[in-house]
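So the sequence shown is numbered by our numbering: it starts at 195 and just counts up by one.
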Amino acid sequence: MSLTLTVDGERWRSHLREVAAATPGLVPVAKGNGYGFTLGRLARKTQWLRDQGLHDKGLGGDTLAVGTYDELPHVATRFDGDLLVLTPWRPFGSALETDPALSSRIIHTVGRVSDLADLLARQPDARLVLERVTSMLRHGLSARDLWTAAAMMRDHPQARLEGVALHLPLAHGSHLPEVSRLMNDVVAAELPEGPGATTVWVSHLTRDELDRLRTSYPDFTIRPRIGTDLWLGDRDALRVTSTVLDVHPVARGDVYGYRGRTAPKAGHILVVSGGTAHGIGLEAPTGESTLRARAATLARGGLDAAGFVRSPFSIDGKQRLFAEPPHMQASMLFIPRGAHVPAVGDPVDVRVRFTATAFDRVLVS
Ligand SMILES: *Cc1c(COP(=O)(O)O)cnc(C)c1O
Numbered sequence: 195m196s197l198t199l200t201v202d203g204e205r206w207r208s209h210l211r212e213v214a215a216a217t218p219g220l221v222p223v224a225k226g227n228g229y230g231f232t233l234g235r236l237a238r239k240t241q242w243l244r245d246q247g248l249h250d251k252g253l254g255g256d257t258l259a260v261g262t263y264d265e266l267p268h269v270a271t272r273f274d275g276d277l278l279v280l281t282p283w284r285p286f287g288s289a290l291e292t293d294p295a296l297s298s299r300i301i302h303t304v305g306r307v308s309d310l311a312d313l314l315a316r317q318p319d320a321r322l323v324l325e326r327v328t329s330m331l332r333h334g335l336s337a338r339d340l341w342t343a344a345a346m347m348r349d350h351p352q353a354r355l356e357g358v359a360l361h362l363p364l365a366h367g368s369h370l371p372e373v374s375r376l377m378n379d380v381v382a383a384e385l386p387e388g389p390g391a392t393t394v395w396v397s398h399l400t401r402d403e404l405d406r407l408r409t410s411y412p413d414f415t416i417r418p419r420i421g422t423d424l425w426l427g428d429r430d431a432l433r434v435t436s437t438v439l440d441v442h443p444v445a446r447g448d449v450y451g452y453r454g455r456t457a458p459k460a461g462h463i464l465v466v467s468g469g470t471a472h473g474i475g476l477e478a479p480t481g482e483s484t485l486r487a488r489a490a491t492l493a494r495g496g497l498d499a500a501g502f503v504r505s506p507f508s509i510d511g512k513q514r515l516f517a518e519p520p521h522m523q524a525s526m527l528f529i530p531r532g533a534h535v536p537a538v539g540d541p542v543d544v545r546v547r548f549t550a551t552a553f554d555r556v557l558v559s
């Protein structure tokens with residue numbers, strides 16, 4: 195039986211429309227597990243946004259960003275606009291194995307001067323963004339390298355510069371001082387004339403920061419790349435459930451599980467769908483972490499004292515404990531005597547990290 199993501203379609207779609215309408219130049223990001231929805235579904239949804247004419251109103255939807263070259267086949271047939279690849283191009287691996295039919299739609303990210311030379315030698319008319327490294331220190335060019343890259347671009351008039359990319363860290367305070375410094379580098383780089391010279395692709399800026407950036411640089415087109423706040427921004431539209439597969443009453447001392455544990459007290463073993471294959475992992479142990487609190491728990495004979503660990507499954511709003519570590523597709527929970535015991539077939543709410551969960555089914559109403 196399944197671990198299911200149920201989406202309130204009306205609510206989800208109106209959130210997507212609202213974000214798109216409030217975010218000029220929006221570039222939806224679909225990568226990894228498709229934020230739980232799958233890449234194919236996010237590509238179709240981006241096409242749906244595009245079909246509403248957002249781009250004609252300057253509201254984006256013309257470009258979809260993927261994380262890696264390997265993800266392109268999952269989205270390319272479901273979305274017909276431009277495809278920005280976020281992982282920088284390198285002269286090896288899947289970057290060199292793209293479908294030639296897609297080459298006019300792919301926008302490469304270039305983060306090293308040597309890669310720019312290499313890419314332009316292989317594909318003189320490549321479309322690309324130059325990535326400027328940020329305080330994240332993940333990928334990208336220094337200010338001086340950006341200037342060198344701009345000179346190389348001027349020498350390759352066939353190449354199509356689509357802008358400069360900045361991947362900012364998740365906010366700790368305001369991004370604006372850093373962004374202004376980086377914008378100075380972009381202005382000083384003497385990028386070849388064209389729309390790309392005044393287009394900046396950014397991530398993780400708040401709406402307020404984006405507004406202020408647009409006000410400070412009115413000649414620039416700002417392209418916010420957004421995944422989490424777009425697809426997962428309205429959590430109340432999303433519900434994750436597993437299903438009760440079996441229920442076994444146990445007395446204190448009864449043996450159960452792969453490891454032949456014994457029940458520390460009477461209650462029920464509940465077998466629910468969802469395990470390691472779905473990304474369900476062990477959570478932090480329950481209870482307080484101080485020694486004194488720990489001793490008090492031991493004295494009370496709490497289940498965490500018996501080594502039970504908190505699970506992400508909750509029943510009647512209460513997070514339940516794993517009876518043992520999750521199995522591949524199912525988990526065993528311990529329900530102490532006195533607590534409500536759901537029946538086989540009942541749904542059980544699960545708290546998950548959407549970006550790390552493989553759902554068996556995604557149901558969009
Ligand atoms: C993943 C990613 C994003 C989107 O990040 P979210 O936090 O999901 O919005 C934007 N830019 C780059 C370069 C990324 O890798």
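Note that CB positions come from ideal geometry on N, CA and C, so glycine has one too.
- Through-space distance from L364 to M526, alpha-carbon basis: The alpha-carbon atoms of M526 and L364 are separated by roughly 36 Å.
- Message: For the pair the stretch 541-552 and the stretch 220-235, tell me if three or more CB-CB distances fall below 8 Å.
- Response: yes
- Taking the alpha-carbon positions, what's the V542 to E325 distance? Rounded to whole angstroms, V542 to E325 spans 44 Å at the Cα level.
- Query: To which residues of the same chain is G388 closer than 7 Å at the C-beta, ignoring the five residues directly before and after it?
  - Reply: L355
- Item | Residues passing the C-beta test against ligand 1 heavy atoms, cut-off 5 Å | In chain order, the hits are V223, L280, H361, S397, R419, I420, G421, T422.
- Message: To test your reading of the DSSP string, which unbroken beta strand (DSSP E) runs of 3 or more residues are found completely within the stretch 289-363?
- Response: 300-304, 321-326, 354-360
- Query: Who are the near neighbours of E482 in its chain, counting only those whose CB is closer than 6 Å to its CB and skipping five residues on each side?
  - Reply: With a pLDDT of 49 at E482, under the threshold of 50, the predicted position of this residue should be treated as unreliable, though the coordinate-derived value follows. Excluding sequence neighbours, E482 sits near nothing in its chain.
- Label T437 either buried or exposed according to how many other C-beta atoms from any shown protein chain fall within 10 Å of its C-beta, with 16 as the threshold for buried. Residue environment analysis places T437 among the buried positions, since at least 16 neighbouring C-beta atoms fall within 10 angstroms of its C-beta.
- Item | Distance, M522 Cα to K459 Cα | Taking the straight line from one Cα to the other gives about 26 Å.
- Near R433, what residues of its chain come up, given a Cβ to Cβ distance below 6 Å and the 5 sequence neighbours on each side ignored? T200
- Message: What I want to know is whether the C-beta of R531 ends up closer than 8 Å to one or more non-hydrogen atoms of ligand 2.
- Response: You won't find ligand 2 in this model; what it holds is ligand 1.
- Item | Cβ-based neighbour list, L424, same chain, cut-off 7 Å, excluding 5 preceding and 5 following | The residues are L210, V213, P222.
- Counted within 10 angstroms of its Cβ, other Cβ atoms place T257 as buried (16 or more) or exposed: buried
- Task: Identify which residue in M347, S559, L370 has its Cα closest to the Cα of V304.
- Result: M347
- Got a sec? Which residues, its chain only, sit under 7 Å from V444 by beta carbon, not counting five neighbours each side? Y450, A457, A460, G461, H462, I463
- Is L407 near V396, with beta carbons less than 9 Å apart? yes
- Is DSSP giving Q241 helix, strand or coil here? helix
- Item | Enclosing alpha helix (DSSP H) for A215 [first to last residue] | 203-216
- Message: In whole angstroms, give me the CA-to-CA distance for L233 and I300.
- Response: 17 Å
- First and last residue of the beta strand (DSSP E) that includes A524? In the DSSP assignment, A524 falls within the unbroken beta strand (DSSP E) covering 524-530.
- Name the two residues that bound the continuous beta strand (DSSP E) containing S508. 503-509
- Inter-residue Cα distance where the pair is P267 and L277: 11 Å
- Item | N-terminal and C-terminal residue of the alpha helix (DSSP H) that P267 is part of | Counting along the chain, the alpha helix (DSSP H) containing P267 begins and ends at 266-270.
- Three-pair Cβ contact test at 8 Å for the stretch 331-339 versus the stretch 399-415: no
- Message: Under DSSP, the alpha helix (DSSP H) around V438 begins and ends at which residues?
- Response: First-last for V438: 432-444, but that is the beta strand (DSSP E), not the alpha helix (DSSP H).
- Nearest candidate by alpha-carbon position, reference S368, set H398, G261, V358: H398
- Run through the stretch 366-429 for me and flag every whole alpha helix (DSSP H) of 4 or more residues, listed as ranges in chain order. 370-382, 401-410, 422-425
- Alpha carbon of T329 to alpha carbon of R238, nearest angstrom: In the sequence as displayed, the identity of residue 329 is Ser instead of Thr. Taking the straight line from one Cα to the other gives about 34 Å.
- Query: Using the beta-carbon count (16 or more within 10 Å), is T422 buried or exposed?
  - Reply: exposed
- Would a C-beta distance cut-off of 9 Å place V466 and F528 closer than the cut-off? no
- Query: Could you check where the beta strand (DSSP E) with D276 kicks off and where it finishes?
  - Reply: 276-279
- Item | Helix, strand or coil at Y263 [DSSP, three-state] | helix
- Message: For F502 and A359, I'd like the C-alpha separation in whole angstroms.
- Response: 47 Å
- Query: D428 and W283: beta carbons closer than 9 Å?
  - Reply: no
- Task: List the whole-angstrom C-beta distance separating F414 from T400, where the pair is believed to meet the contact cut-off of C-beta under 8 Å.
- Result: Not a contact, Cβ separation roughly 18 Å.
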